[in-house]
Structure formats: structure tokens, C-alpha cells
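A.B. asks: The structure under discussion is supplied below as C-alpha cells; questions concerning it will follow.
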Amino acid sequence: MTQENTQHPVRKAVLPAAGLGTRFLPATKATPKEMLPVVDRPAIQYVVQEAVDAGLDDLLVITGRSKRALEDHFDRIPSLEDQLEASGKDKLLEAVQHASDLGDLHYLRQGDPKGLGHAVLRAKTHVGHEPFAVLLGDDLIDEKETLLEDMIKVQESTGATVVALMEVPQEAISAYGCADVSVVEGQDYVKVNRLVEKPKPEEAPSNLAIIGRYVLHPDVFEVLEHTGPGAGDEIQLTDALQELAGRDGEGGGVYGVVFRGRRYDTGDKLSYLKANITIASEREDLGPELREWLVEFAKGLETA
Ligand code: UTP
């Protein structure tokens, strides 16, 4: 059932970036995976940019053990700026200043990384009782896409919680949360009936995976407070959303926007490499030479 929304517009975003990044060790031993560079800026800068472009102006980053690098990146460094200015490196100066001018960023430690649900719960006091977006700091959505804006519109019209879904090969579904959905007549979003975290492929209700964008009703906090450890012994956001999906009335219900564009999980090595190559090959400064080289490289692979 679609509800009348009497709440605030969405203006806050939470960016969890406190995971251990074990799939990317040893690079992530002393650096959060969200700080690994994609071409020439850390992955999380693309995510912050996406939130700002969607009109969100209050961003809370949930940080882990190496929070310093993250905070420093979005801070001003006057000595560096002076040096770049004095040596006439205007483009670099602009790039450096851009990262610190992106918006109002706040930081909060997760403490113990007990799972994504636990990281989101840390945002309770900062967010208060209003709907908010969650953007995973290692999940990149192509900048030409309007996924987050579309999800915010669905949240504002339903008053419920909205997840982003993407079709994946059935055998890959066990790496994700998975959604059982039904059509909403006359709408381009779907109703989520059931969610299950990391199901076995043969037990998965669909091949629709939950990807790293959410627009959540604040009642999720009350649910997370009593959500126990689930898959991988972590407090799973998916488990809390499954409870909301089963609720009627104010605060209940989950809808899904099915995303068909380009997305990269930069916490996964192969996806990270693809992100670098794709983004660099489309950049004006690097693209022409890189594409030429890629064609030659691919020819070499064929003959090999
Ligand atoms: P992942 O499951 O991809 O992160 O979480 P991870 O645990 O760091 O990954 P691996 O398997 O060890 O490589 C998705 C997002 O949730 C954040 C992560 O930083 C990432 O942005 N997260 C995860 C937290 O903030 N806290 C946690 O306790 C877990």
C-alpha cells in the first residue's frame, strides 16, 4: 500500500566507510578501501559528489580505524594550496580545492565494525526522525545516472523505505542481499515482499541484488536496535529492512528501484580494475591515449 508522506524531504546522507576491506588486503591494511584511488581521486569522493549532486547537503561519514586519511582528504591544506598557486599549477589547485569544497561533511567512528546495520545505527542521533540516504563508500554509480534522485522521488511519494536493486547472474547472488519483488501497477518501481542476505543461489527468491544505495525511513533505527547478528555474524541492514518490509502503515514497507546502468564495487579487485579502466578511458585528458593503448593490448591478448 502506498502511504501519504507527511515527513521531511530527504537532505541527509550517511556514508558507511568503516568496513575492514579484507578482500583488498594488503592495500587496506592502513588505508580504508574507500580511499583507494579510482584514476586520480579516492573512491569515496565520487560517492560524496553523487550525494551532493542529488541535492543532499548534510553528509555523515561513518569511519573506522584509519579515519585520518579520510578526514584529511576532504579538509583544506593551505600549505599545499599555496605551493600549487605559487608554481602556477592551476588545474591541480582547482582539483585539490574541489575536494574540500564539496559540502558539509561530518564524521563518526563506528568503533567495532559489527556490520553495515551497526554502522547505520551509529547515525541515529545525527539523522533524527527524518528519511535519509545511505551511500556505500566503495560502491560507484556512473555519474551520468540518476539512481539516487529517482530513489528519493520514490521515497517522497511512498513515505516508505527504498532500496536499489540490480540483476546479477544467479550464481553471484550469494554475495548480496536478495529481494523478492512484485510489480506496482502503473509505477516504474517495485514492491519488495521479502529480503534475504547472502542466500545460496538455489534458495534465492530472485536474481535481484541489493546494491549500495538506500533511502531509509527513520524507523529503521528502532528496528536495528533489536536486530541481532545475521549472515557472517554481522548486524545486517538487510535483516532490518526485511522487518520493515513486513510492516504496514507509517514507517513500514520497502520499495525497490531496479538499476540497469553501470556500477562498480571498488572493494572487489576485479570490479575496481574495471572502474579505473572505464572511467579513465572516458576522461578527456587520459581517454584518447588509453583507448589507443587498450586496443593494441587487446590485440596482443588475442594473438597470445
Ligand atoms: P562490505 O561488506 O563491502 O565491507 O560493506 P567490508 O566488510 O569492509 O568488506 P570485506 O568483505 O572485508 O572486503 C559494505 C560497506 O559497508 C561498510 C563498508 O565500509 C562498505 O562501505 N561497513 C561494513 C561499515 O561501515 N561497517 C561495517 O561494520 C561493515
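According to the UniProt record's numbering, the sequence shown holds residues 1 to 304 in order. Here a beta-carbon is modelled for each residue, glycine too, at the ideal position from N, C-alpha and C.
Can you list, in chain order, the residues of its chain with a C-beta nearer than 7 Å to that of E149? Leave out the 5 residues immediately preceding and following it.
C.D. replies: Stepping through the sequence shown from its first residue, residue 149 is reached at position 149. A54, listed in sequence order.
A.B. asks: For my contact list, D57 and D101 are in at a C-beta cut-off of 8 Å; report their separation, rounded to the angstrom.
C.D. replies: Locating residue 57 in the sequence shown gives position 57, counting from the first residue. Locating residue 101 in the sequence shown gives position 101, counting from the first residue. Incorrect: roughly 13 Å between the Cβ atoms, too far for contact.
A.B. asks: Under the rule that 16 or more other beta-carbon atoms within 10 Å means buried, what is E4, buried or exposed?
C.D. replies: Counting from 1 along the sequence shown, the entry for residue 4 is found at position 4. Low local confidence applies: a pLDDT of 48 at E4 is under 50, so the model's placement there is unreliable, with the coordinate-based value given in what follows. Flag for E4 reads exposed.
A.B. asks: So L59 and V48 are in contact, right, with Cβ under 8 Å, and what is the actual spacing, rounded?
C.D. replies: On the sequence shown, residue 59 is found 59 positions in, with the first residue counted as 1. On the sequence shown, residue 48 is found 48 positions in, with the first residue counted as 1. Yes, L59 and V48 are in contact; Cβ-Cβ is about 6 Å, under 8 Å.
A.B. asks: What residue range is occupied by the uninterrupted alpha helix (DSSP H) comprising S79?
C.D. replies: One-based indexing of the sequence shown puts residue 79 at position 79. Element bounds for S79: P78 to A86.
A.B. asks: Whose C-alpha, out of E145, E143, Y46 and V162, is nearest the C-alpha of I152?
C.D. replies: Walking along the sequence shown from the start, residue 152 turns up at place 152. Cα-wise, what sits closest to I152 is V162.
A.B. asks: To the nearest angstrom, how far is the alpha carbon of W293 from that of A304?
C.D. replies: Your numbering for residue 293 matches position 293 in the sequence shown. Your numbering for residue 304 matches position 304 in the sequence shown. Whole-angstrom Cα-Cα distance: 16 Å.
A.B. asks: Which of the three DSSP states is assigned to A54 in this structure?
C.D. replies: Within the sequence shown, residue 54 is the residue found at index 54, counting from 1. Correct three-state label for A54: coil.
A.B. asks: Would you tell me roughly how many angstroms separate the C-alpha atoms of H217 and Q83, rounded to the nearest one?
C.D. replies: Position 217 of the sequence shown, counted from the first residue, corresponds to residue 217. Position 83 of the sequence shown, counted from the first residue, corresponds to residue 83. Going from the Cα of H217 to the Cα of Q83 covers about 46 Å.
A.B. asks: Measuring only the C-alpha atoms, how far is R11 from L25?
C.D. replies: On the sequence shown, residue 11 is found 11 positions in, with the first residue counted as 1. On the sequence shown, residue 25 is found 25 positions in, with the first residue counted as 1. Roughly 34 Å separates the two Cα atoms.
A.B. asks: To the nearest angstrom, report how far apart G64 and P199 are at their CA atoms.
C.D. replies: Along the sequence shown, read from residue 1 onward, the residue named residue 64 stands at position 64. Along the sequence shown, read from residue 1 onward, the residue named residue 199 stands at position 199. Straight-line Cα distance between these residues: approximately 27 Å.
A.B. asks: If I measure Cβ to Cβ from A268 and keep anything under 7 Å in the same chain, skipping five residues before and after, which residues do I get?
C.D. replies: Translated into positions along the sequence shown, residue 268 becomes position 268. Correcting the residue identity first, residue 268 is Asp in this sequence and not Ala. These residues qualify, in order along the chain: R23.
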